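These notes concern the structure reproduced below.
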């Protein structure tokens with residue numbers, strides 16, 4: 003381990019059964035009971051409470067599988083808006099201890115507290131303060147791992163759940179990793195695990211000692227990285243949101259409640275997605291030159307995606323929809339559609355130049371006026387006539403919290 | 036065919052067509068020049084199907100005929116020859132032999148039969164227009180041409196003849212959707228129906244037209260045929276296919292009641308704008324105008340670099356007004372004006388402004404402000 007690395011102190015905070023816990027706090031009747039949060043219209047378990055996990059209920063199970071594992075299980079339809087709101091507040095709290103907070107997902111974050119110790123004493127004290135405040139304000143628990151780098155901090159937080167606080171001291175790294183199965187490391191999935199197993203590598207200790215040349219031969223440059231992981235080395239910095247690479251695109255996708263075939267219905271969803279993408283692009287004052295349509299079929303494996311680069315930069319929903327429709331025309335759909343996505347990329351900042359021609363100016367002011375109403379009274383308050391189709395009105399907004407969700411900036415996708 | 040020609044005029048003629056030949060190589064023949072030897076002249080033709088040019092040059096023709104060869108390669112070869120006289124001779128199967136001093140080239144050409152049709156003009160229909168006037172009019176409008184190819188009807192200059200009382204005027208209009216430039220000048224002689232209706236001259240053709248009218252006081256001659264405009268000056272003929280589209284109704288864009296008048300000296304205004312514009316970035320483009328009686332403050336700020344401001348003296352009697360413009364649009368206008376004093380006619384922060392030279396009634400530029 004390099005010296006620079008050995009003096010860092012990184013903390014990983016993992017909210018325990020986040021969605022389920024938020025629901026249990028909101029509704030006291032659910033506390034202490036096995037509950038499972040499921041998506042609206044879908045019947046897959048998103049998060050199970052610890053009570054339910056004791057019965058073997060797991061994320062990703064069908065509702066009937068879950069019910070079989072735990073007959074008294076209570077299903078709660080997820081309310082993503084609640085989760086993003088709570089997450090944003092918790093991240094604000096973390097920033098009281100260090101500006102170096104990297105939001106990893108809605109319920110996980112890394113904190114670099116190396117330079118906060120002069121004020122707060124020790125990392126353990128920061129962890130205790132943070133846990134206390136989260137419990138006090140939201141009634142939620144979290145597991146915190148403290149270690150010399152991000153990879154080990156994440157590993158540490160996994161070690162005790164729920165409500166854990168685990169410290170891996172620099173001197174303990176070797177001992178901890180020696181008998182740890184490789185799959186426990188963040189970034190080693192089932193496929194890599196199997197490939198390592200073929201080389202006779204089961205534990206991190208074995209991985210760290212394994213000749214790098216052979217790993218490099220098999221995995222390319224990832225081989226070097228794997229070797230370092232096996233030794234517990236990770237020099238990746240904690241990157242706060244403001245410093246994260248500039249956002250390159252604005253996109254939304256939507257998993258449909260039922261698989262659809264009907265072109266008219268696909269177009270309705272695409273208009274809705276175009277409006278969501280357009281609204282977000284306009285809110286952040288960007289325009290894009292490339293539009294991408296992605297479609298996932300009912301078999302969930304096949305992707306169809308196509309992009310088109312235009313000669314001018316657009317951000318009006320109508321313009322995005324027009325281009326997306328043109329792309330759809332060029333695709334022959336071979337199966338019912340399960341997911342639709344619209345993306346605007348190749349971005350540049352909007353110059354705020356008003357058009358000279360009266361018609362175009364009117365269009366722009368109309369969009370402005372619609373945005374102003376929707377900003378105030380909620381998305382889709384004023385919208386396109388073809389979206390007023392009764393059955394669909396309830397479903398506006400992103401129904402999935404993407405892994406790229408962040409509490410601030412362009413990635414702060416409003417969810418429902 | 037066979038002819039002898041001097042290097043300098045041949046080179047100049049070939050250089051002239053380099054900008055016309057098709058570079059995308061979609062049709063190989065369009066990358067070639069057609070060279071025709073007839074009587075004691077050679078004719079050089081090039082076209083990209085949108086704009087075509089034909090020039091003629093004195094040469095010693097030994098045998099008449101025609102051939103096409105790569106415009107770029109021929110130009111490169113002629114450029115590097117060191118002897119004065121060049122012999123150009125066709126051989127079987129469209130091969131060309133070039134000789135100059137001890138240097139000899141054999142290059143492969145394409146059959147002249149494949150070369151696109153070039154209109155033959157009839158002298159009786161030609162109308163005469165002053166070359167220098169045309170050049171000045173293009174100069175004062177072409178900066179506003181739209182370069183976004185999807186807005187094809189804006190990719191050129193709208194040219195129209197209008198009658199104002201007993202005066203006949205030639206008007207040119209260009210716009211990119213954010214700003215618009217109109218210039219009109221008195222026209223003597225007859226007007227053809229194509230000009231009365233108005234036609235959109237393509238951008239590329241306009242630039243060729245500007246080139247042939249540079250530094251000359253002679254008249255040029257113009258006519259229309261086959262949806263094309265044909266312009267003749269001396270030995271050079273330029274043909275351009277008119278843009279097939281509707282030019283927007285620019286008369287509705289020109290504001291009528293812009294009562295707030297700012298008068299300012301052009302030179303200091305232009306210099307100040309160029310300075311202040313340095314701190315307007317892509318992200319925060321635009322300069323702010325703070326217009327007070329007697330004083331205009333131009334400012335810009337760029338969170339990543341800093342801010343700048345400058346005051347200049349103006350004559351203005353209205354109330355204080357704050358507005359924002361893309362600095363480039365105003366710089367473009369001021370750069371093509373020769374006058375000492377310019378006027379800004381405005382109405383409000385969010386409506387189009389007019390810029391005019393104080394002494395020229397025939398020109399106005401309309402610029403749409405930016406959002407504040």
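Protein chains in written order, with my numbering: chain A, 3 to 418; chain B, 36 to 407. Backbone N, C-alpha and C fix where the C-beta goes; we use that ideal spot for every residue, glycine too. The structure displayed is predicted, hence computed values, not measured ones.
CA-CA distance, residue 238/B to residue 379/A, rounds to 47 Å. Counting only Cβ-Cβ distances below 8 Å, residue 321/B has contacts in chain A at 353, 354 and 355, in chain order. Contact between residue 154/B and residue 274/B holds, since their C-beta atoms are separated by about 6 Å, short of 8 Å.
In the DSSP assignment, residue 304/B falls within the unbroken alpha helix (DSSP H) covering 301-312. When only Cα atoms are considered, residue 89/A and residue 260/A end up about 30 Å apart. Listed in chain order, the beta strand (DSSP E) elements of length 3 or more contained wholly in the region 134-216 of chain B are 138-143, 162-165, 191-199 and 202-210. Contacts between residue 292/A and chain B, judged by CB atoms closer than 8 Å, are missing: the closest CB pair is about 15 Å apart.
For residue 407/B, the three-state secondary structure derived from DSSP is coil. The alpha carbon of residue 273/A has as its nearest neighbour, out of 325/A, 238/A, 306/A and 107/A, the alpha carbon of 325/A. Residue 74/B and residue 37/B have their C-alpha atoms roughly 12 Å apart. For residue 360/A, the C-beta contacts it makes with chain B under 8 Å involve 287 and 288, in order along the chain. For residue 152/A, DSSP records no beta bridge to any residue.
Straight across, the Cα-Cα distance linking residue 406/B with residue 92/A is about 37 Å. Excluding its 5 nearest sequence neighbours in each direction, residue 390/A has no C-beta neighbour in its own chain below 6 Å.
Taking C-beta separations shorter than 7 Å and ignoring five residues to either side along the sequence, the partners of residue 104/A in its chain run 111, 112, 240, 241 and 242, following chain order. Taking CB atoms only, residue 313/A has a neighbour in chain B less than 8 Å away. Looking only at 64/A, 183/A, 69/A and 98/A, the smallest Cα-Cα distance to residue 115/A is reached by 98/A. Following the DSSP letters along the chain, one finds residue 315/B in no alpha helix (DSSP H), marked with neither H nor E.
Chain-order list of chain A residues neighbouring residue 361/B: 353 and 355, by C-beta distance under 8 Å. At a Cβ-Cβ threshold of 8 Å, residue 41/B and residue 132/B do not count as neighbours. In this structure, 96/B is the residue among 333/B, 96/B, 216/B and 107/B with its C-alpha nearest to the C-alpha of residue 124/B. Contact between the region 364-375 of chain A and the region 220-229 of chain B is absent: fewer than 3 CB-CB pairs across the two stretches fall below 8 Å. Of the candidates 211/B, 174/B and 207/B, the residue whose Cα lies closest to the Cα of residue 183/B is 211/B. Interface annotation for the region 371-392 of chain B against chain A: 385 and 387, criterion Cβ-Cβ distance under 8 Å. DSSP links residue 167/A through a beta bridge to 146/A. The C-alpha of residue 251/A lies about 23 Å from the C-alpha of residue 340/A. When Cβ pairs closer than 8 Å are counted between the two stretches, the region 125-136 of chain A is seen to touch the region 158-169 of chain A, the count reaching three or more.
Using a 10 angstroms sphere on the CB of residue 321/A, the tally of other CB atoms reaches 16 or more, which defines it as buried. Residue 111/A sits in a strand when the DSSP states are folded into three classes.
Counting only the Cα atoms, residue 138/A lies some 10 Å from residue 132/A. Note that the C-beta distance between residue 204/B and residue 235/B is not below 8 Å. In the DSSP assignment, residue 282/A falls within the unbroken alpha helix (DSSP H) covering 265-285. According to the DSSP assignment, residue 108/B belongs to the alpha helix (DSSP H) that extends over 106-115. For residue 346/B, the secondary structure class from DSSP, reduced to helix, strand or coil, is strand. Contact of residue 85/B with chain A is not assigned, every C-beta pair being separated by 8 Å or more.
For residue 240/B, the three-state secondary structure derived from DSSP is helix.
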